[in-house]
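S.K.:
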Amino acid sequence: MTTIYSKRLIEVDLPIKRISAHARREKSIRHGHISTLHIWWARRPLAACRAVTCAALWPDPVDELCPQEFRDRATALIMTFAKKAAYNSKICSDESYSRWQGLVKGRIELDADNPKHWNVLRYSLLDFIADFANWDNSTQEDYLETSRALTQVAHEALGGEPGTRPLVVDPFAGGGSIPLEALRVGADAFASDLNPVATLLNKVVLEYIPKYGKHLANGVRKWGQWVKEEAEKELATFYPNDSDGSKPVAYLWARTITCEGPGCGAEIPLMRSLWLSRKSKRSIALQIKVVSQTKNRI
Ligand SMILES: C[S@@+](CC[C@H](N)C(=O)[O-])C[C@H]1O[C@@H](n2cnc3c(N)ncnc32)[C@H](O)[C@@H]1O
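Following numbering that gives the first Met the number 0, the numbering of the sequence shown begins with 0 at its first residue and continues without gaps.
(1) Checking the sheet assignment: what are the DSSP bridge partners for Thr74?
(2) Would you please state the rounded distance, in angstroms, between the beta carbons of Pro268 and Thr255? I believe it to be under 8 Å.
(3) Our contact map puts Ala153 next to Leu56 with C-beta atoms below 8 Å; I'd like the distance itself, whole angstroms only.
(4) Nearest-angstrom Cα distance between Gly174 and Asp192?
(5) Among Ile128, Gly264 and Ser279, which one has its Cα closest to the Cα of Ser19?
(6) Considering only the alpha carbon of each residue, which of Tyr238, Arg281, Asp241 and Pro14 lies closest to Leu124?
(7) Is the CB-CB distance between Ser176 and Leu76 below 8 Å?
(8) Leu193: beta carbon under 7 Å from a heavy atom of ligand 1?
(9) In chain order, what residues of the same chain lie with their CB nearer than 8 Å to the CB of Lys6, ignoring the 5 residues before and after it?
(10) Terminal residues of the continuous beta strand (DSSP E) containing Phe237?
(11) Counting pairs of beta carbons, one from the stretch 195–213 and one from the stretch 35–49, are three or more of them closer than 8 Å?
(12) Can you pull the DSSP bridge partners for Ala190?
(13) At the 8 Å Cβ level, is Leu36 part of the contact set with chain B, yes or no?
(14) Just checking my contact of Cys48 with Glu140 at CB under 8 Å: how many whole Å lie between their CB atoms?
(15) Kindly identify the DSSP beta-bridge partner or partners of Pro58.
(16) For the alpha helix (DSSP H) containing Trp274, name the first residue and the last one.
(17) Within a Cβ cutoff of 8 Å, which residues of the same chain sit near Thr150, ignoring the five residues on either side of it in sequence?
(18) Note down the Cα distance separating Asn87 from Lys210, rounded to an integer number of angstroms.
(19) Alpha carbon to alpha carbon, how far is Ser146 from Cys91?
(20) To the nearest angstrom, how far is the alpha carbon of Ala73 from that of Arg17?
(21) Give the DSSP bridge partners of Ser282, in chain order.
(22) Give the secondary structure of Lys255 by DSSP, where H, G and I count as helix, E and B as strand, and everything else as coil.
(23) Apart from the five residues on each side of it in sequence, which residues of its chain come closer than 7 Å, Cβ to Cβ, to Val299?
(24) When DSSP labels each residue in this structure, what does Glu108 get in the three-state scheme?
(25) Could you name the residues that DSSP lists as bridge partners for Pro268?
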């Protein structure tokens, strides 16, 4: 039996420069991003995962083995999206805006039955992917609707049973970027990891937050406060208030040596650096002071 395999978009092209720019910008996002939930080493940028997932799920229209059904339905979806983007430049980049305008105004022709136009569909899909990688568009309704419809159309045209969804499997899911993006673009996701912390992270991100939403957030807040209060009570004897009433939150531990200077004998902490924080807007350092000449303590 020979298997007919239609190349996916990711096998022919990907707007890497544009996707990377969005991935770099994503690092400064402080609201609604999974990295604010828990820091996981080596977590991949959501921008790149979203782009790669779409490009791996959608076939390349130029490939001669691409099902015509995909070309027809994807053309209709891209034209519907173009009509929205052509009148709302805020949701797309300058590069894509001229394409959407061209398609809507007829300057660029797109006929799914004409092989000479398949290239136009390929680069329209890649433009869509490049702009969808933008964090600002990750929850924008037109991108979500269009990407989910394209995923469904691709799945069915490639032989998936109508009504079912494609399954994205990530056995090394880590912080969960790939399964999260798979769900966003309309696929089902299976995530696993050897590390139980990663497994819990994936459960929270992929199952508990969608299922329990605000209720979960309120529970975490309530029980977090409880843990804080209980810990404060239990650890109070180790963190007595300072003489001025301020509350210590941490102690720095260091070996000490005695200064051998004539008549000195001060106890000096051996620390590599006195800096506690070195940030452009907020630098804090310890200052060593002699607090009592008689006892020679610093
Ligand atoms: C580079 S991280 C994955 C990062 C992930 N794509 C993300 O965006 O957060 C690789 C993951 O593979 C997991 N891993 C390593 N060896 C494994 C194994 N044999 N089976 C399952 N998971 C494994 C590690 O625990 C780690 O979480």
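Backbone N, C-alpha and C define an ideal beta-carbon position, used for all residues, glycine too.
M.R.: According to the structure shown:
(1) In DSSP, Thr74 forms no bridge with anything.
(2) The distance from the Cβ of Pro268 to that of Thr255 is about 5 Å, consistent with a contact at the 8 Å cut-off.
(3) Going by Cβ atoms, the distance from Ala153 to Leu56 rounds to 6 Å, so yes, they are a contact pair.
(4) Computed Cα separation, rounded: 9 Å.
(5) With distances taken between Cα atoms, Ser19 lies closest to Ile128.
(6) Out of Tyr238, Arg281, Asp241 and Pro14, Pro14 has the C-alpha closest to the C-alpha of Leu124.
(7) Cβ atoms of Ser176 and Leu76: not closer than 8 Å.
(8) Under cutoff, so the answer is yes.
(9) Pro58, Asp59, Asp62, Leu64 and Cys65, listed in sequence order.
(10) Secondary structure note for Phe237: it is in no beta strand (DSSP E), with a DSSP letter that is neither H nor E.
(11) Counting C-beta pairs closer than 8 Å gives three or more between the stretch 195–213 and the stretch 35–49, which meets the contact rule.
(12) According to DSSP, residue pairing for Ala190 in a beta bridge involves Asp169.
(13) Chain labels in this structure do not include chain B; a single protein chain is all it has.
(14) That belief does not hold up - the Cβ atoms of Cys48 and Glu140 are roughly 20 Å apart, past 8 Å.
(15) According to DSSP, which records beta bridges pairwise, Pro58 is partnered with Arg7.
(16) Per DSSP, Trp274 belongs to no alpha helix (DSSP H); it is in the beta strand (DSSP E), Trp274 to Arg277.
(17) Cβ neighbours of Thr150 beyond the five flanking positions: Cys53, Leu56, Trp57, Arg164, Pro165, Val184, Gly185 and Ala186.
(18) If I take the Cα positions, the gap works out to 33 Å.
(19) Here the C-alpha atom of Ser146 lies approximately 15 Å from the C-alpha atom of Cys91.
(20) Near 22 Å, if we compare the C-alpha coordinates of Arg17 and Ala73.
(21) Looking at the DSSP assignment, Ser282 forms a beta bridge with Arg277.
(22) Just to set this straight, residue 255 is Thr in the shown sequence, not Lys. Note: Thr255 maps to strand in three-state DSSP.
(23) Residue 299 is absent from the model: the chain starts at 0 and stops at 297.
(24) In the structure shown, Glu108 sits in coil (DSSP, three-state: anything other than H, G, I, E or B).
(25) DSSP lists Thr255 as partners of Pro268.
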